[in-house]
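Numbering (UniProt numbering), first residue to last: 1 to 294.
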């Protein structure tokens with residue numbers, strides 16, 4: 001999972017570097033690479049690429065594609081660490097939506113952790129784009145922050161679809177449906193908005209595809225090998241990659257409020273993961289007839 005977060009950080013940096021290309025055009029090239037790589041891997045494993053649970057697979061692909069569009073727009077128009085921080089709300093939305101979609105309750109202490117993270121996002125907006133060198137003209141900063149939050153929300157829908165598919169489909173089939181849906185959507189958008197890549201743009205696009213596919217594959221493998229509660233918290237190490245890359249390559253400067261907000265987001269999601277693991281461990285240690293009251 002540590003390798004996956006590094007791959008995602010590389011993808012983020014590539015998207016930021018390609019800020020002059022439309023977001024959907026980047027998704028178009030990324031999807032071409034991903035769909036070819038996924039299909040080849042599935043054929044080599046002798047796994048039917050289209051699966052059986054079409055409704056859930058299409059739902060996962062559609063919500064994943066919309067979330068990716070929102071995320072790429074946020075990456076291109078907000079400081080790198082700000083966009084990544086907002087995306088870290090996705091696990092919170094996943095848990096809240098899971099109350100209705102997969103019938104998994106949220107314990108009362110978790111609501112406090114969720115509120116902590118939301119407060120952190122507000123602080124990031126106050127201390128980030130207003131002083132970032134890459135967002136000097138960020139009059140629409142709040143709008144792109146909203147797009148980022150929408151992307152995190154739709155990611156929550158996508159992750160709940162994945163949860164419903166667990167044990168029903170090969171993980172690579174689930175990965176395959178992501179570009180299967182996003183490629184035609186991006187292709188249609190490219191008919192109306194297209195900027196021909198030049199020179200090193202092609203290398204950045206190729207790198208974006210490689211990083212994305214590597215991140216998807218290593219993340220899928222990590223979820224296969226370990227419990228979700230053990231693997232998911234490692235995602236938040238990506239914050240430090242984002243801070244480092246944003247500072248080194250994009251001259252992104254942040255004030256104290258932004259750093260405090262990022263800390264609150266990480267604290268909220270970290271406490272949520274710790275609390276969930278603790279309660280699950282207590283429940284597992286009890287006889288079947290007993291129940292943990294959280």
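The beta carbon of each residue, even a glycine, is placed where N, CA and C say it ideally should be. All values derive from a computational prediction rather than experimental measurement.
Check: residue i C-beta below 7 Å from any heavy atom of the ligand COA
{"i": "residue 169", "result": "Questions concerning the ligand COA fall outside what the structure shown contains, since it holds no ligand whatsoever."}
Pair within 8 Å by beta-carbon distance, residue i and residue j
{"i": "residue 123", "j": "residue 261", "result": "yes"}
{"i": "residue 5", "j": "residue 199", "result": "no"}
{"i": "residue 21", "j": "residue 201", "result": "yes"}
{"i": "residue 101", "j": "residue 53", "result": "no"}
{"i": "residue 147", "j": "residue 74", "result": "yes"}
{"i": "residue 19", "j": "residue 87", "result": "no"}
{"i": "residue 214", "j": "residue 33", "result": "no"}
{"i": "residue 252", "j": "residue 244", "result": "no"}
{"i": "residue 152", "j": "residue 89", "result": "yes"}
{"i": "residue 72", "j": "residue 187", "result": "no"}
{"i": "residue 68", "j": "residue 156", "result": "no"}
{"i": "residue 269", "j": "residue 49", "result": "no"}
Where residue i sits in the DSSP three-state scheme
{"i": "residue 25", "result": "helix"}
{"i": "residue 196", "result": "coil"}
{"i": "residue 168", "result": "coil"}
{"i": "residue 55", "result": "helix"}
{"i": "residue 132", "result": "The predicted position of residue 132 is uncertain, since its pLDDT is 45 and thus under 50; a value taken from the coordinates is nonetheless stated next. Three-state DSSP puts residue 132 in coil, outside helix and strand."}
{"i": "residue 120", "result": "helix"}
{"i": "residue 7", "result": "helix"}
{"i": "residue 102", "result": "coil"}
{"i": "residue 88", "result": "coil"}
{"i": "residue 64", "result": "helix"}
{"i": "residue 282", "result": "helix"}
{"i": "residue 73", "result": "helix"}
{"i": "residue 107", "result": "coil"}
{"i": "residue 203", "result": "helix"}
{"i": "residue 149", "result": "helix"}
{"i": "residue 342", "result": "Past the edges of the chain, shown from 1 to 294, lies residue 342, and the structure says nothing about it."}
{"i": "residue 254", "result": "coil"}
{"i": "residue 45", "result": "coil"}
{"i": "residue 78", "result": "coil"}
{"i": "residue 219", "result": "helix"}
Cβ shell of residue i (< 8 Å), same chain only, five flanking positions each side left out
{"i": "residue 181", "result": "58, 61, 62, 64, 65"}
{"i": "residue 271", "result": "113, 116"}
{"i": "residue 195", "result": "20, 21, 22, 25"}
{"i": "residue 99", "result": "105, 106"}
{"i": "residue 143", "result": "none"}
Beta-carbon proximity list for residue i, same chain, < 6 Å, skipping 5 on both sides
{"i": "residue 304", "result": "Past the edges of the chain, shown from 1 to 294, lies residue 304, and the structure says nothing about it."}
{"i": "residue 85", "result": "124, 262, 265"}
{"i": "residue 130", "result": "Confidence at residue 130 is low in this model, with a pLDDT of 45, below 50, so its placement is unreliable and the value that follows should be read with caution. If we look at residue 130 and ignore the five residues flanking it on each side, it has no Cβ neighbours."}
{"i": "residue 178", "result": "61, 64"}
{"i": "residue 13", "result": "245"}
{"i": "residue 120", "result": "261, 264, 265"}
{"i": "residue 47", "result": "170"}
7 Å CB neighbourhood of residue i in its chain, flanking five on each side removed
{"i": "residue 228", "result": "For residue 228, the pLDDT reaches just 48, beneath the cut-off of 50, and the residue's location in the model is therefore unreliable, leaving the point undetermined."}
{"i": "residue 206", "result": "none"}
{"i": "residue 162", "result": "60, 174"}
{"i": "residue 7", "result": "211, 214, 215, 218"}
Rounded Cβ spacing between residue i and residue j (contact assumed at less than 8 Å)
{"i": "residue 154", "j": "residue 70", "result": "7 Å"}
{"i": "residue 254", "j": "residue 41", "result": "With a Cβ gap of about 39 Å, residue 254 and residue 41 do not count as contacting."}
{"i": "residue 31", "j": "residue 183", "result": "4 Å"}
Any C-beta of chain B under 8 Å from that of residue i
{"i": "residue 67", "result": "Protein chains in the displayed structure number just one, and chain B is not present."}
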